[in-house]
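This note's numbering puts the first residue of the sequence shown at 255, with every later residue one more than the last. For each residue, glycine too, the CB sits at the ideal point set by N, CA and C. Keep in mind the model is a prediction, meaning the values are calculated, not measured. Below is one structure; the comments refer to it alone.
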Amino acid sequence: MPWSRPRAAHGAAPEWRQILPRCPRPAPTAAAAAPAGEGGSSRCSSPCSASGSICSCTLAPAPAPPRRAAAAGLRVSRRTRPASPGHSSGRDAPRLPFRTQPATPLASGKEMAEGAASPEEQSPEVPDSPSPISSFFSGSGSKQLPQAIIIGVKKGGTRALLEFLRVHPDVRAVGAEPHFFDRSYDKGLAWYRDLMPRTLDGQITMEKTPSYFVTREAPARISAMSKDTKLIVVVRDPVTRAISDYTQTLSKRPDIPTFESLTFKNRTTGLIDTSWSAIQIGIYAKHLEHWLRHFPIRQMLFVSGERLISDPAGELGRVQDFLGLKRIITDKHFYFNKTKGFPCLKKAEGSSRPHCLGKTKGRTHPEIDREVVRAAEFYRPFNLKFYQMTGHDFGWD
């Protein structure tokens, strides 16, 4: 339909005129004469006459809608120039609500936990390095208190067991040792939970701190958190474990006395110094008594540190069964490293390359005098009692 814009007088608002066709019948009312959807109001100069004269309608430009009304509709992003100093635009640009990311205790908690764990007890790689699957779900799931804990023992093979278990897709474990139930219990369960990785339904949250096994308060504290917590203890021949413990200390303090002088109070009589922690940790039966006051033996699994080296897949099968997991970790995941003298993973979690534990694992033990046999004699009655309590003969005697 043709439109025309006649010349407007100086200073007058322009008008648009629509040339309507001749109408054979009386024209509609002025309101109906305006074209729909044009956004203007119409003023019809005269209705159509019976003779078919032309009705000339003028449309005045529609007034701009109020700002509030416009705000109720679709918002259009607008780039505004910053006001010059000392000049105000007369209106303030709308401000979007913005909040900085709230600080959480996770970072500080993780730093404190890593500081509490000795370098020898941490993985040489980034703790808790996620697998591709867990990376995909890194923003999903929730943090849970652990349903299973590796509570001991130091130098028994706990790091190896944890690294092997983390290959399983349904196991999520914190890398560094939290030391919550022995050193940081006053920080509370919320702090402890925040150290844990996120898990999805069906996954198990785990942690390992070997010193829990010899901490008197740990059994009651873990029971207070959850009586259903599953406990795993990696044990090893007490004499070999003590020598490994001594070797670790020797690597940091080369000036310490010999193993024999620390082991015996009197070398002539063969009296053992049970106050030395390296000896004390190996009295497994004594420590287990404290745990059995709070947990039934069926809730504890005792892993052989020797079999973890000679048959890692077999021991991992027992652990997976104990945790209620499908047996996914098998022989195909391991190869034996002759240089280190223990098994390594063909593919570690989150990697396609073989992975062995770090240089702090598998140290060469120093030459020990034959008098150490007396230490084995000291442990024999405690070992036999431990076999009876656990229902398993570990063959150390």
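message: If distances are taken between C-alpha atoms only, which option among Gly536, Asp448, Glu543 and Met479 comes closest to Pro464?
response: For the purposes of this step, residue 464 is taken as residue 210 along the sequence shown, with counting starting at 1. Among Gly536, Asp448, Glu543 and Met479, the Cα nearest to that of Pro464 is on Gly536.
- prompt: Does any heavy atom of the ligand MN sit closer than 7 Å to the C-beta of Gly568?
  reply: In terms of ligand content, the structure shown is empty, and the ligand MN therefore cannot be addressed.
query: Rounded to a whole number of angstroms, what is the C-alpha to C-alpha distance between Ser505 and Ser498?
result: Position 251 of the sequence shown, counted from the start, is the residue given in the question as residue 505. Position 244 of the sequence shown, counted from the start, is the residue given in the question as residue 498. Those two C-alpha atoms are separated by around 11 Å.
query: What's the call for Cys298, buried or exposed, on a 16-neighbour Cβ count within 10 Å?
result: Here the question's residue 298 lines up with position 44 in the sequence shown. Low confidence applies to Cys298: its pLDDT is 45, below 50, so where it sits in the model is not reliable enough to give any reading.
- request: Starting from Ala478, follow the alpha helix (DSSP H) in both directions and report where the run begins and ends.
  value: If you number the sequence shown from 1, residue 478 lands on position 224. From DSSP, the alpha helix (DSSP H) with Ala478 extends over Ala472 to Met479.
query: From Ile652 to Met479, what distance separates their C-alpha atoms?
result: This structure does not reach residue 652, given that the chain is present from 255 up to 651, and the question cannot be answered.
query: Under 8 Å between the Cβ atoms of Phe467 and His541?
result: Residue mapping note: residue 467 aligns to position 213 of the sequence shown, counting from 1. Residue mapping note: residue 541 aligns to position 287 of the sequence shown, counting from 1. Taking 8 Å as the Cβ cut-off, Phe467 and His541 qualify as a contacting pair.
field: Burial state of Pro400, where buried means 16 or more other Cβ atoms lie within 10 Å
entry: Numbered from 1 along the sequence shown, position 146 holds the residue referred to as residue 400. So Pro400 counts as buried.
query: Is Glu431 helix, strand or coil when you go by DSSP?
result: Against the sequence shown, residue 431 aligns to sequence position 177. Note: Glu431 maps to coil in three-state DSSP.
- request: Along the beta strand (DSSP E) that carries Ile563, what are the first and last residues, could you check?
  value: Position 309 of the sequence shown, counted from the start, is the residue given in the question as residue 563. Annotation: Ile563 is outside any beta strand (DSSP E); the continuous alpha helix (DSSP H) that includes it extends over Gly559 to Ser564.
- request: Please go through the segment 505 to 578 and give each complete beta strand (DSSP E) segment of 3 or more residues, from N-terminal end onward.
  value: 518 to 520 and 554 to 558
field: Outcome for Val421 when other beta-carbon atoms lying within 10 angstroms are tallied against a minimum of 16
entry: Along the sequence shown, read from residue 1 onward, the residue named residue 421 stands at position 167. Buried, because 16 or more other Cβ atoms sit within 10 Å of the Cβ of Val421.
query: Name the DSSP bridge partner or partners of Thr453?
result: If you number the sequence shown from 1, residue 453 lands on position 199. Paired residues: Ser396.
query: Going by the beta-carbon positions, is the gap between Thr412 and Lys484 smaller than 8 Å?
result: Reading the sequence shown from its first residue, position 158 is the one you call residue 412. Reading the sequence shown from its first residue, position 230 is the one you call residue 484. Against a cut-off of 8 Å, the Cβ pair of Lys484 and Thr412 comes out as no contact.
- prompt: My guess is that Met643 and Ala472 are in contact by the Cβ rule of under 8 Å, so how many angstroms apart are they, rounded?
  reply: On the sequence shown, residue 643 is found 389 positions in, with the first residue counted as 1. On the sequence shown, residue 472 is found 218 positions in, with the first residue counted as 1. Going by Cβ atoms, the distance from Met643 to Ala472 rounds to 18 Å, so no, they are not a contact pair.
- prompt: Are Lys519 and Arg452 touching if we call contact CB-CB under 8 Å?
  reply: Counted from its first residue, the sequence shown places residue 519 at position 265. Counted from its first residue, the sequence shown places residue 452 at position 198. Against a cut-off of 8 Å, the Cβ pair of Arg452 and Lys519 comes out as no contact.
task: Classify Arg628 as helix, strand or coil using the three-state DSSP reduction.
output: Here residue 628 refers to the residue found at position 374 when the sequence shown is read from its first residue. DSSP places Arg628 in helix when its eight states are reduced to three.
query: With distances taken from CA atoms, which of Leu577, Met554, Arg552 and Gly595 is nearest Asp565?
result: Taking the first residue of the sequence shown as position 1, residue 565 is located at position 311. Minimum Cα distance to Asp565 is reached at Gly595.
- request: Kindly list the residues whose CB is nearer than 7 Å to the CB of Gly649, restricted to its own chain and excluding five residues on each side of it in sequence; keep chain order.
  value: Within the sequence shown, the letter at position 395 stands for residue 649. Hits under 7 Å: none found.
task: Within its chain, find whatever has a CB closer than 7 Å to the CB of Arg470; leave out the 5 residues flanking it on each side and keep chain order.
output: Residue numbering aside, residue 470 sits at position 216 when the sequence shown is read from its first letter. Here the set comprises His544.
query: In whole angstroms, what is the alpha-carbon distance linking Glu368 and Glu514?
result: What you label residue 368 is simply residue 114 of the sequence shown in a count that begins at 1. What you label residue 514 is simply residue 260 of the sequence shown in a count that begins at 1. Because the pLDDT of Glu368 is 34, which lies under 50, any placement of that residue in the model is unreliable, and the number read from its coordinates should be weighed accordingly. Roughly 33 Å between the two C-alpha positions.
query: Can you give the Cα-Cα distance for Thr517 and Asp491, rounded to whole angstroms?
result: In the sequence shown, counting from the first residue as 1, residue 517 sits at position 263. In the sequence shown, counting from the first residue as 1, residue 491 sits at position 237. Cα to Cα, the separation comes out at about 16 Å.
field: Thr492 (DSSP reduced to helix, strand or coil)
entry: Position 238 of the sequence shown, counted from the start, is the residue given in the question as residue 492. It should be pointed out that residue 492 corresponds to Pro in this sequence rather than to Thr. If DSSP states are grouped into helix, strand and coil, Pro492 belongs with the helices.
task: Report the rounded CA-to-CA distance for Phe390 versus Asn591, giving the unit in angstroms.
output: For this step, residue 390 is matched to residue 136 along the sequence shown. For this step, residue 591 is matched to residue 337 along the sequence shown. Here the model assigns Phe390 a pLDDT of 46, short of 50, so the residue's position is not dependable, and the following value carries that caveat. Distance between the alpha carbons of Phe390 and Asn591 is about 32 Å.
message: Quick check: the Cα distance between Tyr439 and Gly429, rounded to an integer number of angstroms?
response: The sequence position of residue 439 within the sequence shown is 185, counting from 1. The sequence position of residue 429 within the sequence shown is 175, counting from 1. Tyr439 and Gly429: Cα-Cα distance of roughly 19 Å.
- prompt: Which value, in whole angstroms, describes the spacing of the CA atoms of Phe418 and Ala444?
  reply: In the sequence shown, residue 418 corresponds to position 164, counting from 1. In the sequence shown, residue 444 corresponds to position 190, counting from 1. Roughly 28 Å between the two C-alpha positions.
- request: Can you have a look at Tyr589 and say buried or exposed, based on whether 16 or more other CB atoms are within 10 angstroms of its CB?
  value: Position 335 of the sequence shown, counted from the first residue, corresponds to residue 589. Tyr589 comes out exposed.
- request: Quick one: grab the DSSP three-state call for Thr412.
  value: Stepping through the sequence shown from its first residue, residue 412 is reached at position 158. Look at Thr412 here: in three-state DSSP terms it is helix.
field: Val407 (DSSP reduced to helix, strand or coil)
entry: As a position in the sequence shown, residue 407 is number 153, starting the count at 1. Val407: coil per DSSP, three-state reduction.
Helix, strand or coil at Thr469 [DSSP, three-state]: Indexing the sequence shown from 1 puts residue 469 at position 215. Thr469 falls in the coil class under three-state DSSP.
- prompt: Between the beta-carbon of Phe549 and the beta-carbon of Val489, is there less than 8 Å?
  reply: Mapped onto the sequence shown, residue 549 falls at position 295. Mapped onto the sequence shown, residue 489 falls at position 235. Not closer than 8 Å, so no.
field: Whole-angstrom distance between Leu546 and Ile526, CA atom to CA atom
entry: Walking along the sequence shown from the start, residue 526 turns up at place 272. Walking along the sequence shown from the start, residue 546 turns up at place 292. Rounded to the nearest angstrom, the two C-alpha atoms are 27 Å apart.
task: Tell me Asn637's beta-bridge partners as DSSP assigns them.
output: The sequence position of residue 637 within the sequence shown is 383, counting from 1. In the DSSP output, where bridge partners are listed per residue, Asn637 has none listed.
message: I believe Val487 touches Ile563 by the beta-carbon criterion, under 8 Å. Please report the beta-carbon distance rounded to the nearest angstrom.
response: The count along the sequence shown starts at 1 and reaches residue 487 at position 233. The count along the sequence shown starts at 1 and reaches residue 563 at position 309. Rounded, the Cβ-Cβ distance is 17 Å, inconsistent with contact.
task: For the beta strand (DSSP E) containing Lys462, list its first residue and its last residue.
output: Taking the first residue of the sequence shown as position 1, residue 462 is located at position 208. Start and end: Ile458 to Lys462.
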